[in-house]
Structures are given as C-alpha cells and as structure tokens.
Amino acid sequence: MSLISSSSDGLPRIPNARVAILTSKWHAEYVKNVADQCEQILEQQAAVVQRHELPGTYEFPYAVRVLKESDSDLVAIVCIGIVLKGETEHFEMILNSCSFGLIKASLDYDVIVINGIIPATDRKQIVARTNTDQFNKGIELARAAVEAIAWTKNVRGL
1 MSLISSSSDG
11 LPRIPNARVA
21 ILTSKWHAEY
31 VKNVADQCEQ
41 ILEQQAAVVQ
51 RHELPGTYEF
61 PYAVRVLKES
71 DSDLVAIVCI
81 GIVLKGETEH
91 FEMILNSCSF
101 GLIKASLDYD
111 VIVINGIIPA
121 TDRKQIVART
131 NTDQFNKGIE
141 LARAAVEAIA
151 WTKNVRGL
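Be aware that the sequence shown starts at 1, since it is given in the numbering used here, and climbs by one per residue.
Here it is in structure tokens:
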C-alpha cells in the first residue's frame, strides 16, 4: 500500500526544522503506519526528522524533556501511541497523565508538542485511524506540526 502523497497540499515549507517523532511499542504495527505517514509529510515540507521508540506512551513527557535538553534546536515533537481501553481504570490514568505531562513539557521546554495518542475502545477504532488511507491520523499530526512550526517562526520573526 502506498501512502497518500497529496496530504501535504497547501502546507508551508519548514526548511531544516528539527522535529522528533516519538512512538510507543504498544500496538507497534498500527503506530508505525501513523508515524510513517507523519514522517513522510514532514520530510516533504523539508523538516529534518528523527524517530525514537519508547516502551509506552507514559514515557512520552519524560522523553520530550530529555530530547529538548539534548537538542535545543528541536522545534517540535510528535508523540504517537495507542491506548486501548481494558477492564480497569488504567486507560484513563495513562491518557490523563500523558496529556497533562505533554502540555507541561511543551510549556516548560518551549517546544511544540503534538499529542498523537489515539484512545480506542476496540481494535476497529484503531484500524480506522491507522490505515494507510486519507483517514490516517499521521496526516493530521504532521499538518498540525507543520502549521504550528510555521506560525511560531512567523510570530517570532525567524
């Protein structure tokens, strides 16, 4: 299956913008589809992309901190994972903690953080959001990152 090439239509170019994509090992085959689509669009817009795989989504806020401290030129971090609801409250704990942690890390470390954690109650929802078609969440995540980077550069006069 080929990924959609027109998904970057109308986006501004972001030459040499340093962007990291964080992925979770959970539901790896689906996460990879989203990350691949996201990376393709970012590279089409001339971003320099690095990828990092983490054990799960819970580690994302910490990874944002470590990456930004290690690379002060990093302008955006896209976090991609899937959290599947089970029979316990673990689902809510992970989603809430990660959302709060990513917002805090974004503000504390002055970096754009795109929260691409996909909450799902069943595999059908996962498949619908991760197929290599126009509904792949990687398209949305990349577009959000590109637009936020371009806006920030414009506002800061860079």
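A virtual CB, placed ideally from N, CA and C, is assigned to each residue, including glycine.
Status (buried if at least 16 other CB within 10 Å, exposed otherwise) for Ser8: buried
Nearest-angstrom Cα separation, counted from Gly10 out to Ala63: 31 Å
From Glu59, Thr88, Arg13 and Pro12, residue whose alpha carbon lies closest to that of Ile117: Glu59
6 Å Cβ shell around Ala47 - same chain, five flanking residues per side excluded: Ile14, Ala17 and Val19
Minimum C-alpha distance to Glu147 - residue among Ala120, Ile126 and Ile112: Ile112
Inter-residue Cα distance where the pair is Met1 and Phe135: Legend: pLDDT at Met1 = 40, less than 50; position of this residue unreliable, no value from coordinates given.
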